[in-house]
Structures are given as C-alpha cells and as structure tokens.
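Worksheet: one structure, shown below.
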Ligand SMILES: Nc1ncnc2c1ncn2[C@@H]1O[C@H](COP(=O)(O)OP(=O)(O)OP(=O)(O)O)[C@@H](O)[C@H]1O
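Laid out in structure tokens, this is it:
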C-alpha cells in the first residue's frame, strides 16, 4: 500500500478496468487498481479458492469461527455474500468461543453479536466457563501468566469442536490467512517440527477427526483483508468503524 502523488499518478488508470483512477497498489500483485475492481478481485479470488479446492459441498452446514477480529469478520461477510451470489447452497453459522478474558473477548463478542444481525447468520457462543467450569481469568489467577497461552489454545480448539458438534455442522471455516500460515511455517522450521510442518499448509485439516477445518483465506494477504472493509462494503464498514476510527477517507488512496 503505497501512497503516491503528483502528475505521474494522476495520469495512470486502473490496470484492470482501465477507466477509473487507481486507489491502491495491491500488496499481492503490485497491480495498481481502483476501489471497485479491488473488491471484485478480492471476492472472486476467494471464490476460486473455494471452488478449486472443493472446500464445501451443496447442502453442507458450515460454522465460521468468529472471534470478532478482522479476519473472521471479513470471512463471515465474504462467505455469506459468495454463498448467495454463487448458490453454494450452504447453511452458515457463526461460532464463537468465549474464553472469559475480561476487557478482551467480551468486547469482541459484541462485534460478533452485531455481525449476527448484520449478516443474518445464526450465532452460537460456547464459553470456557460452561464447558470446563473455569474462565481464562480464573485459570490465570491459579497458574499465573506462564504457559497460559498454551492452555488457552488447547481449550479453544476443543471448544470449537464442541460448539461445532452442538451446531451439527459438517465443517468449520477459520479466518487463518496467508501471513498466519507463513508464520506457522517459520515457527515449525525453528522448532524442527517436521510432522506439523507438513500439515500446517493444508487448506483442509482434521478430516480424520470430529470436525474438518478449512481456511478459505489461505492465499489471502493480511494487508488486503485490512483494506477490504475500508474499500467498499457498507455493512462490514459498520463493524469496523470503531476499530479504524473511520472518517470517510481511505488512507491508501493516491
Ligand atoms: N474465540 C474464538 N471464537 C471463534 N473462533 C475463533 C476464536 N479465536 C480464533 N478463532 C478462529 O481462529 C482464527 C485464527 O485466530 P487467531 O486469533 O489465531 O488469528 P487472528 O488473525 O487474530 O484472527 P481474527 O482477526 O479473526 O481474530 C480466527 O480467524 C477465527 O476463525
């Protein structure tokens, strides 16, 4: 995302439609494109990933792991749009895990509750307190801060499986993006964990477990996920306005 000014940028046109002024340089391809073309290519690339990898079958019930963060919020919106536009025939649900972390998850759950209404997707919240009898705050009081992320990660994984079983879904889609996967690859190399290294880039995992998981954003750059809600969509913009302090201007515009 580079800002440029002056005569040179004014004379350029979007390299896709060749009609409008470019609004951004795509971090992924370095193409200079307009806002309108950006949201079309962003959504269509995800559609291609879904189709080319047979991520879903018509009639399936799919839970979207909804943390209230940017990735899963954009994923919920894009999946509900594509499901309608391309007639995937999926029953979509939002599934949130409330770890019981005061000042963190309680805030982001408010975003998920807004998404439930805005996108018209039923929401299921499963909490550590209900599943395990302990909130994460209570666990930290007992064990301290050391290793608490490891506990939380293991519990969350299990809680997502339990929530998915309660919703009777066929698959769980998560908002893991290309940057997350690159980070995991590097971590596994540093740890020398060959088994995980070979698994961590798969777009579908856990097919032999209770609920297969998939990553429709496997090839999507984090920067583009951040740009997407700013670039067009009124509904999703509403979800993010409090995060970005959106004032009607696009920071990446020339
Ligand atoms: N509490 C949660 N409830 C439901 N799903 C979750 C939760 N936490 C994480 N996930 C799922 O796992 C994915 C990866 O989460 P993680 O926290 O590692 O990354 P992130 O980049 O911060 O994602 P996000 O921006 O969606 O919060 C999320 O996109 C979401 O689909």
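Numbering (the numbering used here), first residue to last: 314 to 567. Where is the CB? At the ideal position from N, CA and C, for every residue including glycine. Source: prediction; values computed, not measured.
Straight-line Cα distance separating residue j from residue i
i           : j           : result
residue 447 : residue 455 : 10 Å
residue 402 : residue 331 : 35 Å
residue 438 : residue 406 : 11 Å
residue 416 : residue 457 : 18 Å
residue 355 : residue 481 : 30 Å
residue 507 : residue 433 : 42 Å
residue 337 : residue 459 : 42 Å
residue 498 : residue 378 : 22 Å
residue 485 : residue 353 : 25 Å
residue 425 : residue 389 : 10 Å
residue 398 : residue 504 : 43 Å
residue 381 : residue 410 : 10 Å
residue 328 : residue 494 : 29 Å
residue 350 : residue 334 : 11 Å
Residues near residue i by beta carbon distance below 8 Å, same chain, minus five either side
i           : result
residue 532 : 358, 362, 491
residue 421 : 380, 381, 382
residue 429 : 407, 435, 436
Other residues of its chain near residue i: CB distance less than 7 Å, five sequence neighbours each side excluded
i           : result
residue 444 : 472, 475
residue 539 : 383
Beta strand (DSSP E) segment containing residue i, residue limits
i           : result
residue 484 : 484-486
Start and end residues, alpha helix (DSSP H) containing residue i
i           : result
residue 476 : 461-480
residue 501 : 491-504
residue 512 : 507-512
Same chain, Cβ closer than 6 Å to residue i, five either side skipped, listed in chain order
i           : result
residue 477 : 376, 485, 524
residue 442 : 413, 448
residue 387 : 538, 541
residue 374 : 404, 482, 483
Segment contact, 8 Å Cβ cut-off, at least three pairs: the region 451-459 with the region 331-345: no
Alpha helix (DSSP H) runs wholly inside the region 394-458, at least 4 long, in chain order: 418-432, 441-445, 449-456
Those runs of the beta strand (DSSP E) which lie wholly inside the region 329-378 and span at least 3 residues: 374-378
contact_flag[the region 388-402, the region 499-515] where n(CB pairs < 8 Å) is 3 or more: no
Whole alpha helix (DSSP H) elements within the region 523-548, 4-residue minimum: 535-544
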